[in-house]
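Below is one structure, written out as structure tokens; the observations come after it.
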Amino acid sequence: MGTVPDELGSLPWLQTIDLSYNDLSGTIPRILGNLTRLEMLDLAWNNFFGGIPHELQNLHSLLMLRLQGNDLSGPIPEGLFNNAPNLSSIYLGVNRLTGAIPDSVSSLLKLEILVLEKNFLSGPMPPSLFNMSQLQLLYVGRNNLSGPIPGNRNFHLPMLQVLSLQDNQFSGPIPLGLSTCKNLEQLSLSGNNFTGTVPSWLATLPNLTRISLSMNDLTGKIPIELSNNTELLVLDLSENNLEGGIPPELGKLRNLRFLGLANNQITGVIPESIGNLSNLTQIDLVGNRLTGSIPVSFQNLLNLHRIFVFGNQLSGNLDFLAVLSKCRSLNTINIAANKFTGILPPYMGNLSTVLQYFIADKNMITGSIPSTLANLSNLLVLSISGNNLSGKIPTTITAMKNLQELNLSNNSLSGTIVVEISRLTSLVRLDLGGNKLIGSIPSSVSSLSQLQVMILSQNSLSSTIPTSLWRLQKLVMLDLSRNSLSGSLPADVGKLTAITKMDLSSNKLSGEIPTSIGDLQMMIYLNLSSNLFEGSLPDKIGKLLSIEDLDLSSNVLSGTIPETLTNLTHLTNLNLSFNSLGGQIPEGGVFSNITLPSLMGNNALCGLPHLGIAPCQSNSDQSWVKSQLLKVILPAVLAFFVLAVCLYMLVRAKVNIGRKMTVPSDTDLLNYQLISYHELVRATSNFTDDNLLGAGSFGKVFKGELDDGSVIAIKVLNMQHELASKSFDTECRALRMARHRNLVKIISTCSNLDFRALILEYMPHGSLDDWLYSNDGRQLSFLQRVGIMLDVAMAMEYLHHQHFEAVLHCDLKPSNILLDQDMIAHVSDFGISKLLAGTENSITLTSMPGTVGYMAPEFGSTGKASRASDIYSYGIVLLEVFTRKKPTDAMFVGELSLRRWVSQAFPHELSNVVDSSILQDGIEDESRPPENFSILNINLISIIELALLCSSVVPEERMPMKDVVVKLNKIKSNYNLQLGKHGYIHQKT
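Position 811 of the sequence shown, counted from 1, bears residue number 811 in the UniProt record's numbering, the numbering being contiguous throughout.
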């Protein structure tokens with residue numbers, strides 16, 4: 001922490017400065033330029049900002065310059081390298097440097113390593129940079145560099161081992177000069193505008209282990225000669241315009257781990273010889289024009305984890321699944337959007353026991369769903385939509401406890417939705433739309449507490465919508481359209497506070513639209529058209545502040561159009577046609593650009609002559625009568641009101657005579673339910689270890705069952721601890737007036753001279769810490785983690801901004817985040833919290849420390865706590881939740897911290913730090929090139945970016961909790977909308 005002291009510049013004999021991996025900040029002192037004997041300057045992975053001082057050009061003895069991993073900006077000084085002839089290593093990557101690469105870098109004849117990646121550098125590269133005889137490693141990827149690479153005459157890099165130019169704007173052909181780089185091991189040119197063909201001369205580079213040419217404009221065929229690169233681990237030619245077939249000769253690449261040929265124009269069959277690649281872990285052939293089937297030889301790919309053949313013209317039956325059953329490491333099978341026929345064979349149940357994703361949408365598969373699918377107990381995603389499946393959905397599927405997505409939409413499945421569906425308690429997405437299902441929606445769906453997407457549209461479902469459905473508080477998308485559902489829409493619909501899309505159109509729903517519909521603040525799309533809704537439109541519909549698309553057409557609605565609709569600034573599509581609405585059409589807002597089809601069929605409307613809707617007639621006589629009535633009635637009403645107030649005050653004064661005024665204490669305010677010490681003894685069997693839930697420095701927490709059968713948690717304070725009593729009083733004071741669904745509720749207290757306990761709401765799913773580090777196989781999905789951290793953010797937003805006194809938690813960590821029956825998070829343990837008075841930037845002093853690893857730097861060093869210190873703790877917890885690494889993990893020693901570790905990997909190497917259980921095919925393993933992003937990958941980047949922002953070393957840079965809530969809601973909403981768009985979580989795009 002801190003800054004670099006200027007005094008360092010007064011040490012003329014200094015030869016080495018290594019301050020890397022600290023939390024140093026500020027600007028780089030210009031006085032360091034006085035150290036003319038300095039050979040190594042290493043300030044990497046700190047928080048330095050500002051420009052690179054020009055004075056560093058005076059370091060003429062410098063051998064190594066490492067400034068990477070900071071927040072440096074501005075151009076690289078032109079003269080920086082003019083006076084250091086022996087400089088061999090330059091690391092300036094992962095900053096915010098702009099401008100061009102200075103020509104002077106090519107004057108460094110002894111330069112071996114040049115790292116400039118992940119900046120904002122632009123313009124062409126100096127041509128002379130490709131004529132440096134000692135250069136071994138050249139990393140300039142992920143900038144905005146452009147132009148062609150010099151041709152053979154000006155290209156001389158005989159010692160080059162790694163060339164990384166990916167994610168720039170380079171153009172022209174792949175330079176022929178590379179053919180002279182016989183020591184080249186890694187070539188990454190992906191994400192540019194290179195043209196021409198894949199060079200056959202790559203085969204003359206015997207040490208190549210990685211060829212990544214994806215996302216360019218390359219044409220022609222895959223060179224047969226590449227089969228000579230027998231050391232290759234990664235071959236990625238994806239997303240070009242390659243044609244022709246897959247050369248059978250590629251089967252000679254026995255060391256290959258990743259083969260990526262996705263999104264080209266490749267034709268022909270998959271060669272049998274690919275089965276010789278015994279070390280292959282992933283094959284990606286998505287989006288080509290391949291025919292035939294999957295070769296029998298694939299049974300030899302014993303290390304295969306993932307196979308993607310989505311979007312080709314593969315055909316034939318599914319007998320190849322018997323072949324793939326030999327691949328016992330197989331995690332993902334994606335055969336969607338092909339022409340496969342036949343039935344799902346019963347031996348599907350013999351596929352790998354570690355299989356998590358089976359995706360076969362948009363084929364021509366027939367027959368019924370085999371009951372043996374239940375053998376795939378680790379399956380997370382089962383998606384077979386858009387086929388010709390028939391028969392009933394087998395009840396055995398409900399035994400797949402880990403299933404998170406079930407997509408059987410757009411088939412011809414019949415029968416009912418079985419009650420046993422409630423067993424799929426991990427389900428996040430359920431799509432059974434577009435089938436022939438009958439009967440009612442079972443009330444047992446309320447057990448699907450993790451469900452976020454439910455699509456049952458285009459079936460023949462009848463009866464009413466079960467009231468239990470409205471308890472699914474995590475639901476983001478609900479589509480029950482085009483069925484025969486009846487009954488009314490209850491007020492409980494307002495409980496779906498996370499919902500963003502709801503489509504109940506084309507049913508037989510009746511009654512009035514409940515006013516609680518206005519509570520759905522996250523709603524973007526609402527369609528209630530083609531039903532039998534009646535009555536007037538509730539004014540509260542104007543509180544749908546996020547709504548963009550609202551369709552209430554073809555109902556029996558009456559009354560006037562609420563003026564509140566003009567307040568909906570995001571509303572772009574409004575359809576009120578074919579109802580019985582009347583009166584003045586509001587002005588402004590969405591009505592400024594509304595068209596006649598959106599209003600037609602309401603004959604009593606008036607006020608838009610330019611659309612052919614008659615102007616509203618003024619009635620002066622009625623106005624005169626109203627004004628006269630007001631003159632007579634209004635004084636009488638006012639007189640009656642004054643008289644009533646006087647009588648009320650007189651009665652109240654008499655009642656209060658002799659009454660003693662009291663001010664309730666903290667404990668009185670909490671004692672909603674009187675619970676004695678003896679009842680707590682009975683509830684916990686005398687506080688036995690069998691009922692012990694956890695222990696800490698301030699006391700222990702027990703599970704108890706009261707005489708009335710209710711289950712509680714009892715936090716018993718350790719009275720020997722000098723701060724225990726203060727902790728008890730603090731927790732009572734912090735929560736005495738707190739009321740929020742994401743805070744643990746204090747039911748009561750029990751206190752005497754020798755015993756103090758808090759009686760808390762019991763959380764059956766334990767703590768977030770339990771879930772992250774349990775050894776019982778429990779895992780949290782990406783969406784569950786987002787949901788939990790959104791719950792925590794809403795609790796902290798309430799404490800910081802909505803509570804009548806701002807409350808600082810001061811000890812936020814996973815063990816203080818508890819999970820209820822529905823996996824909703826509740827923040828607990830306010831033993832060292834602080835009440836905060838004053839402005840948004842107020843601070844308070846505390847002598848009671850938080851937990852090491854989660855404390856903000858300014859909190860740990862000075863004892864000063866503010867909202868920003870809570871936000872820092874939240875950011876660290878957010879990092880921990882998605883990396884499954886504690887900030888106190890043994891790996892974080894010296895200058896390396898959890899935040900620094902993640903920051904170094906952000907954004908392109910997140911697969912190295914994110915918890916592997918949520919990666920799947922969202923972020924690939926090391927054999928998967930990092931250039932290919934999925935929906936999950938993009939949203940993980942947003943999450944980690946938010947976490948790094950919240951945990952910034954500088955308090956002023958941390959995002960307020962109210963903005964964190966908005967950001968997380970947006971991430972969650974976008975992710976689920978992408979799920980709805982793409983049909984399933986892990987489909988290749």
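Virtual Cβ for every residue (Gly too), placed ideally from N, Cα, C. All of these numbers come straight from a predicted model, not from anything done at the bench.
For this session: Whole angstroms is fine: what's the gap from Ser510's alpha carbon to Ala856's?
Result: 55 angstroms
Exercise. Along the chain, where does the beta strand (DSSP E) that runs through Val716 open and close?
Worked result: 711 to 717
For this session: Using the Cα positions of Thr667 and Pro814, report the straight-line distance between them to the nearest angstrom.
Result: Low per-residue confidence applies at Thr667: pLDDT is 35, beneath 50, and the placement is therefore not dependable enough to give any value.
Exercise. Would the stretch 306 to 321 and the stretch 339 to 348 be scored as touching if the rule is three or more Cβ pairs under 8 angstroms?
Worked result: yes
Problem set entry | Close-in-space but distant-in-sequence residues of the same chain around Val484 (CB under 8 angstroms, 5 per side omitted) | Before going further, note that residue 484 is Ser rather than Val in the sequence given. Taken in chain order, the residues that qualify are Ser460, Leu461, Ser462, Asn507, Lys508.
For this session: May I ask you to verify whether the stretch 267 to 276 touches the stretch 244 to 252, counting CB pairs closer than 8 angstroms and requiring at least 3?
Result: yes
For this session: Can you give me the Cβ contacts of Ala905 inside the same chain, cut-off strictly under 7 angstroms, excluding the 5 residues immediately before and after it?
Result: Asn912, Val913
Exercise. Among the residues of its own chain, which have a CB less than 7 angstroms from the CB of Leu475, if the five just before and after it don't count?
Worked result: Leu451, Gln452, Met454, Leu496, Ala498, Ile499
Exercise. Apart from the five residues on each side of it in sequence, which residues of its chain come closer than 6 angstroms, Cβ to Cβ, to Gly50?
Worked result: Thr27
Problem set entry | Counterpart residues of Thr98 in DSSP-defined beta bridges | Pro75, Phe120
Exercise. How would you call Asn168, buried or exposed, if buried means at least 16 neighbouring beta carbons within 10 angstroms?
Worked result: buried
Problem set entry | Test item: CB-CB of Gly583 and Lys543 under 7 angstroms | no
Exercise. For Pro562, which residues of its own chain have a beta-carbon under 7 angstroms away from its beta-carbon, when the five flanking residues on both sides are left out?
Worked result: Leu537, Asp539, Ile541, Gly542
Exercise. Hey, Leu14 and Leu43 are a contact pair by Cβ (cut 8 angstroms); roughly how many whole angstroms apart?
Worked result: In fact, because the Cβ distance is near 14 angstroms, the residues do not count as touching under 8 angstroms.
Exercise. How about the stretch 889 to 901 and the stretch 744 to 759: do they share at least three Cβ pairs that are nearer than 8 angstroms?
Worked result: no
Problem set entry | C-beta contact flag for Leu290 and Asn312 at 7 angstroms | yes
For this session: Could you tell me whether the stretch 425 to 434 touches the stretch 788 to 806, using the rule of 3 or more Cβ pairs below 8 angstroms?
Result: no
Problem set entry | Status (buried if at least 16 other CB within 10 Å, exposed otherwise) for Ile224 | exposed
Exercise. Cβ of Gly699 within 7 angstroms of Cβ of Leu680?
Worked result: no
Exercise. Would you say the stretch 60 to 75 touches the stretch 87 to 106, given that touching needs at least three Cβ pairs under 8 angstroms?
Worked result: yes
Exercise. Below 7 angstroms between beta carbons: does that hold for Asn152 and Leu176?
Worked result: yes
Problem set entry | Nearest to Leu261 (by Cα), restricted to the options Ser273, Leu277, Asp236, Gly33 | Asp236
Exercise. So, are the CB atoms of Thr395 and Val381 less than 7 angstroms apart?
Worked result: no
Problem set entry | Reference Ser828, options Asp915, Val198, Ile714, Tyr773, closest by Cα | Ile714
Problem set entry | Cβ-Cβ separation, Glu117 to Ser164 (assumed contact under 8 angstroms), whole Å | 7 angstroms
For this session: Measure how close the beta-carbons of Asn435 and Ser481 come, nearest whole angstrom, since I'm counting them as under 8 angstroms.
Result: Contact flag wrong, Cβ pair sits at about 14 angstroms.
For this session: Look at the alpha carbon of Thr464 and the alpha carbon of Ser443, and state the distance between them as a whole number of angstroms.
Result: 10 angstroms
Exercise. Grouping DSSP H, G and I as helix and E and B as strand, with all else coil, what is Pro466?
Worked result: coil
Exercise. Which residues in the same chain have their Cβ closer than 8 angstroms to the Cβ of Pro127, if we skip the five residues on either side of it in sequence?
Worked result: Pro150, Asn154
Exercise. Leaving out the 5 sequence neighbours to the left and right, which residues in its chain are closer than 7 angstroms to Tyr762 when beta-carbon positions are compared?
Worked result: Lys703, Val711, Ile712, Ala713
For this session: Would you tell me roughly how many angstroms separate the C-alpha atoms of Leu184 and Ser61, rounded to the nearest one?
Result: 30 angstroms
Exercise. What does a CB cutoff of less than 8 angstroms around Asn602 pick up in its chain, not counting 5 residues either side in sequence?
Worked result: Leu576, Ser577, Phe578, Asn579, Ser580, Leu581, Gly582
Problem set entry | Enclosing alpha helix (DSSP H) for Leu783 [first to last residue] | 782 to 797
Problem set entry | Tyr872 - containing alpha helix (DSSP H), residue span | 867 to 883
Problem set entry | Start and end residues, alpha helix (DSSP H) containing Glu534 | Here Glu534 belongs to no alpha helix (DSSP H); instead the beta strand (DSSP E) covers 532 to 536.
Exercise. What are the boundary residues of the beta strand (DSSP E) that includes Ala757?
Worked result: 756 to 761
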